[in-house]
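Here's the structure, in structure tokens; my notes come after.
There are 2 protein chains.
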Amino acid sequence: MRDVAERAGVSIATVSFVVNNTKRVAPATRERIEAAMAELGFRRNVVARALASRRTHILAVAYPALQHRLGSTAMGFITSAASAASEHDYHLVLWPVDNDGGELSELMREGLVDGIVLMEVLLHDPRVDTLLSARMPFAMIGRTADPTGLAFVDIDFEVTVEKGLDHLQGLGHREIVFVSERPPSEAFRAYGAKVRAEAAFRRSCAERGLEPVIVECAQNAAGGRELAHELIEARPRTTAIMIMNEHAAFGVVSGLARRGVRVPTDLSLLSISTSSDMGATSDPVLSIMRSPGKELGRLGVELVIAQLEGNEPPGSRLLPCELEPGESTAPAPPSPPSPMIMNTS
Amino acid sequence: MRDVAERAGVSIATVSFVVNNTKRVAPATRERIEAAMAELGFRRNVVARALASRRTHILAVAYPALQHRLGSTAMGFITSAASAASEHDYHLVLWPVDNDGGELSELMREGLVDGIVLMEVLLHDPRVDTLLSARMPFAMIGRTADPTGLAFVDIDFEVTVEKGLDHLQGLGHREIVFVSERPPSEAFRAYGAKVRAEAAFRRSCAERGLEPVIVECAQNAAGGRELAHELIEARPRTTAIMIMNEHAAFGVVSGLARRGVRVPTDLSLLSISTSSDMGATSDPVLSIMRSPGKELGRLGVELVIAQLEGNEPPGSRLLPCELEPGESTAPAPPSPPSPMIMNTS
Numbered sequence: 001m002r003d004v005a006e007r008a009g010v011s012i013a014t015v016s017f018v019v020n021n022t023k024r025v026a027p028a029t030r031e032r033i034e035a036a037m038a039e040l041g042f043r044r045n046v047v048a049r050a051l052a053s054r055r056t057h058i059l060a061v062a063y064p065a066l067q068h069r070l071g072s073t074a075m076g077f078i079t080s081a082a083s084a085a086s087e088h089d090y091h092l093v094l095w096p097v098d099n100d101g102g103e104l105s106e107l108m109r110e111g112l113v114d115g116i117v118l119m120e121v122l123l124h125d126p127r128v129d130t131l132l133s134a135r136m137p138f139a140m141i142g143r144t145a146d147p148t149g150l151a152f153v154d155i156d157f158e159v160t161v162e163k164g165l166d167h168l169q170g171l172g173h174r175e176i177v178f179v180s181e182r183p184p185s186e187a188f189r190a191y192g193a194k195v196r197a198e199a200a201f202r203r204s205c206a207e208r209g210l211e212p213v214i215v216e217c218a219q220n221a222a223g224g225r226e227l228a229h230e231l232i233e234a235r236p237r238t239t240a241i242m243i244m245n246e247h248a249a250f251g252v253v254s255g256l257a258r259r260g261v262r263v264p265t266d267l268s269l270l271s272i273s274t275s276s277d278m279g280a281t282s283d284p285v286l287s288i289m290r291s292p293g294k295e296l297g298r299l300g301v302e303l304v305i306a307q308l309e310g311n312e313p314p315g316s317r318l319l320p321c322e323l324e325p326g327e328s329t330a331p332a333p334p335s336p337p338s339p340m341i342m343n344t345s
Numbered sequence: 001m002r003d004v005a006e007r008a009g010v011s012i013a014t015v016s017f018v019v020n021n022t023k024r025v026a027p028a029t030r031e032r033i034e035a036a037m038a039e040l041g042f043r044r045n046v047v048a049r050a051l052a053s054r055r056t057h058i059l060a061v062a063y064p065a066l067q068h069r070l071g072s073t074a075m076g077f078i079t080s081a082a083s084a085a086s087e088h089d090y091h092l093v094l095w096p097v098d099n100d101g102g103e104l105s106e107l108m109r110e111g112l113v114d115g116i117v118l119m120e121v122l123l124h125d126p127r128v129d130t131l132l133s134a135r136m137p138f139a140m141i142g143r144t145a146d147p148t149g150l151a152f153v154d155i156d157f158e159v160t161v162e163k164g165l166d167h168l169q170g171l172g173h174r175e176i177v178f179v180s181e182r183p184p185s186e187a188f189r190a191y192g193a194k195v196r197a198e199a200a201f202r203r204s205c206a207e208r209g210l211e212p213v214i215v216e217c218a219q220n221a222a223g224g225r226e227l228a229h230e231l232i233e234a235r236p237r238t239t240a241i242m243i244m245n246e247h248a249a250f251g252v253v254s255g256l257a258r259r260g261v262r263v264p265t266d267l268s269l270l271s272i273s274t275s276s277d278m279g280a281t282s283d284p285v286l287s288i289m290r291s292p293g294k295e296l297g298r299l300g301v302e303l304v305i306a307q308l309e310g311n312e313p314p315g316s317r318l319l320p321c322e323l324e325p326g327e328s329t330a331p332a333p334p335s336p337p338s339p340m341i342m343n344t345s
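These protein sequence lines are chains H and F, in that order. So in the UniProt record's numbering, the last one in the first sequence is 345, and the numbering has no gaps at all. So in the UniProt record's numbering, the last one in the second sequence is 345, and the numbering has no gaps at all.
Right under this line is the structure:
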């Protein structure tokens, strides 16, 4: 600090005020001191703080970068997690790591981060064991098969699917197909979100006396178009689709249109676990169940910080997606024996 | 280290092998040592390294979080920047900061990062002055009005627009409208990408003897639909649209369809500075000029690291978008005096 004071032509006390932010210093003086600090490569807070407190005030978001296409929910999540961290005076680093825990383990050994937010959690996720055995504070966005005792925030798929079915049944639909993502690899077959949503659909259909038809398609518009064609052939009595595959939803609409099936007149489409922006990209604008992506990001970060600061943890939470009716759901076409209109235009 | 050795029941030398990664240690022993380190809150590399070298091996990506909707290019960019940093043994933190340089300045004072990658650069960007006066190594994704002497990677809008016009003119189009983004705020009116692409379009049209018509629309599908209606009224002779507004492109297609204008039979649409995924979401699949988002992310990080490591800097680079013909561009409809077909269906 003496060097800085000398170079800036001020007292050591003044440098200290600036460094520790303990007293207001005239802007011109502050600038001179900061220029001197920059010239001398003086690093103010982080390293000193890390030594004193064994804390770096850095959190990591760990996500499998290349294995799974990030949806609009995940992007909203990362952005709001970074903002939430920043409000609590933490930094957020991005760790694109594989799912097996190896890379995560290596990165943790560097001692850079105080805690970790885990994204794209599998039902049996090796990263969780890695984190537990390293005693690293963490929170999951999503959850393992049995998340008892772990900190997590996740979408409440039970309630989401219930509400979605309420909406469709309220419009008179009885032949409802659930469309989920075809996993890009075997590991993602145990992707919690997919497994839980499908299970919720199955159970809820059973309670309602509906046949629980579940099909998968690739995570893109071409996959959706292909699915539309298959569905028209294989299940012409379908009057509504609940889809949890936002990148395919557009393709479903256009694939149906190509076969002369009009949304929503002939068939209703409800896109779940997605964003308003994604829904508005389609024509007709999709009825959606909006993911709480931003809330998940904020809560995930706050769960980790609470552990670090020894505060009462906010508790793990499940948040449902909220229904935002658009133009793609409407009353079921009349008469039970009416198959989908197949007018190849 | 003595504490760790004691707790793990090994010699100090063995602990040192593990800590410094200098010699192979049996996995079981390594695990015991790591467990002991974790229990004692022992932080291995980062803090020690920061003290020794005055380096933290952390880079920040600074982007204005709430002011501008991030496109698919930006998302690809952040993901690949994180991967590139990780390959070079650096970490990437996300800094959602405002555009005026104030927050950036505060964050820099913490001494956390060695260098910064700046996104969403304005022509006169206060953040650049902040970085220069703090002598912080940085690279821009994008560039200011005069980027001489600064490290940057950016899209080559000149070449991109030229190639796009070559494609459309090669198909016989002469009445071409350029659609850009309506800025979400006054500050973004001086967004480099927008200004440069529009200027390139104006200049290139002048050289080709074409009328340079430029219109703006909001960054969403509704904006695109509105634009389609306006265009049919105001410029019925238009046969091709070059659009740099990926979130509106779908709306343009569906707005045209609602008015009975078929893409590409009646009108061609070329979406520039976007991704294949975004193009494939439309039906017909859009012809696009693909943004080099991933390359920009990688190069941006490498430009900063080269400065930090004192290597020969790779040099600032401009990369053009590459044409990926889809189903939305086709030969111009015959006969010069043919206005767009306006068959309100």
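Cβ coordinates follow ideal geometry from the N, Cα and C atoms, glycine included. Keep in mind that this is a model prediction, so the values were computed, not measured.
Boundaries (first-last residue) of the beta strand (DSSP E) holding residue i
{"i": "Ser268(H)", "result": "Ser268 to Thr274"}
{"i": "Phe138(H)", "result": "Phe138 to Ile141"}
{"i": "Leu59(F)", "result": "Ile58 to Tyr63"}
{"i": "Arg55(F)", "result": "Run containing Arg55(F): none; DSSP gives neither H nor E here."}
{"i": "Ala228(H)", "result": "Per DSSP, Ala228(H) belongs to no beta strand (DSSP E); it is in the alpha helix (DSSP H), Ala221 to Ala234."}
{"i": "Gly315(F)", "result": "Segment: none, Gly315(F) is in no beta strand (DSSP E) and carries neither H nor E."}
Given residue i as reference, the closest of the options once Cα atoms are compared
{"i": "Ala62(F)", "options": "Asp98(F), Arg258(F), Leu303(F) and Ser133(F)", "result": "Asp98(F)"}
{"i": "Ala222(F)", "options": "Pro212(F), Ser254(F), Arg203(F) and Gly170(F)", "result": "Ser254(F)"}
{"i": "Ser133(F)", "options": "Ile33(H), Ala197(H), Ile272(H) and His247(H)", "result": "Ile33(H)"}
{"i": "Gln169(F)", "options": "Ser204(F), Asp89(F), Met136(F) and Ala82(F)", "result": "Ser204(F)"}
{"i": "Thr79(F)", "options": "Gly297(F), Pro325(F) and Asn311(F)", "result": "Gly297(F)"}
{"i": "Leu227(H)", "options": "Ala139(H), Ser328(H) and Val177(H)", "result": "Val177(H)"}
{"i": "Met140(H)", "options": "Pro126(H), Pro334(H), Lys163(H) and Leu118(H)", "result": "Leu118(H)"}
{"i": "Met278(H)", "options": "Phe77(F), Ala81(F), Gly251(F) and Pro284(F)", "result": "Gly251(F)"}
{"i": "His247(F)", "options": "Ala218(H), Ser282(H) and Ala249(H)", "result": "Ser282(H)"}
{"i": "Pro333(H)", "options": "Asn311(H), Ser275(H) and Asp266(H)", "result": "Asp266(H)"}
{"i": "Ala36(H)", "options": "Arg135(F), Pro64(F), Ile214(F) and Arg30(F)", "result": "Arg135(F)"}
{"i": "Val4(H)", "options": "Arg30(H), Arg24(H) and Ala26(H)", "result": "Arg30(H)"}
{"i": "Pro64(F)", "options": "Asp100(F), Glu327(F), Val195(F) and Ile155(F)", "result": "Asp100(F)"}
{"i": "Phe201(F)", "options": "Leu107(F), Arg189(F), Gly192(F) and Ile214(F)", "result": "Ile214(F)"}
{"i": "Leu319(H)", "options": "Ala60(H), Val113(H) and Val159(H)", "result": "Val159(H)"}
Unbroken alpha helix (DSSP H) run spanning residue i, endpoints
{"i": "Val128(F)", "result": "Pro126 to Ser133"}
{"i": "Ala200(F)", "result": "Gly192 to Arg208"}
{"i": "Leu168(H)", "result": "Phe157 to Gly170"}
{"i": "Met108(H)", "result": "Gly102 to Arg109"}
Buried or exposed (CB count within 10 angstroms, at least 16 for buried), residue i
{"i": "Glu6(H)", "result": "exposed"}
{"i": "His173(F)", "result": "buried"}
{"i": "Glu211(F)", "result": "exposed"}
{"i": "Arg109(H)", "result": "buried"}
{"i": "Glu230(F)", "result": "exposed"}
{"i": "Ser105(F)", "result": "buried"}
{"i": "Ser11(H)", "result": "exposed"}
{"i": "Gly300(F)", "result": "buried"}
{"i": "Ala13(F)", "result": "exposed"}
{"i": "Gly9(F)", "result": "exposed"}
{"i": "Gly115(H)", "result": "buried"}
{"i": "Glu207(F)", "result": "exposed"}
{"i": "Asn311(H)", "result": "exposed"}
{"i": "Gly209(F)", "result": "exposed"}
{"i": "Asp154(H)", "result": "buried"}
{"i": "Ala234(H)", "result": "exposed"}
Contact test: residue i Cβ vs the ligand GDP heavy atom, cutoff 7 angstroms
{"i": "Gly326(H)", "result": "The model depicted lacks the ligand GDP and carries no ligand whatsoever."}
- request: Please name the residues in the stretch 276-304 of chain F whose beta-carbon is closer than 8 angstroms to at least one beta-carbon of chain H, in chain order.
  value: Asp277, Ala280, Thr281, Ser282, Asp283 and Val285
- request: Name, going along the chain, the residues of the stretch 97-115 of chain F whose beta-carbon falls closer than 7 angstroms to a beta-carbon of chain H.
  value: Arg109, Glu110, Gly111 and Leu112
message: Using 8 angstroms as the cut-off, can you tell me whether the stretch 304-319 of chain H makes contact with the stretch 241-260 of chain H, which would need three or more C-beta pairs spanning the two stretches below that distance?
response: no
message: With three or more C-beta pairs closer than 8 angstroms as the rule, is the stretch 166-182 of chain F touching the stretch 141-153 of chain F?
response: no
message: Output needed in chain order: residues of the stretch 215-226 of chain H with a Cβ under 7 angstroms from some Cβ in chain F.
response: Asn220, Ala221 and Ala222
message: What are the residues in the stretch 76-98 of chain F lying within 8 angstroms of chain H by C-beta distance?
response: Ile78, Thr79, Ala82, Ser83, Ser86, His91, Leu92, Val93, Leu94, Trp95 and Pro96
query: Listed from N- to C-terminal order along the chain, which residues in the stretch 254-265 of chain F have their beta-carbon within a distance smaller than 9 angstroms of any beta-carbon of chain H?
result: Ser254, Gly255, Ala257 and Arg258
- request: Check whether the stretch 113-130 of chain F touches the stretch 266-275 of chain F, taking contact to mean three or more Cβ pairs, one atom from each stretch, closer than 8 angstroms.
  value: no
query: Using 8 angstroms as the Cβ pair cut-off and three pairs as the minimum, do the stretch 257-265 of chain F and the stretch 290-303 of chain F touch?
result: no
query: Between the stretch 76-92 of chain H and the stretch 79-97 of chain F, do at least 3 Cβ pairs fall closer than 8 angstroms?
result: yes
query: What are the residues of the stretch 239-252 of chain H that lie near chain F, defined by any Cβ-Cβ distance shorter than 8 angstroms?
result: His247, Phe250 and Gly251
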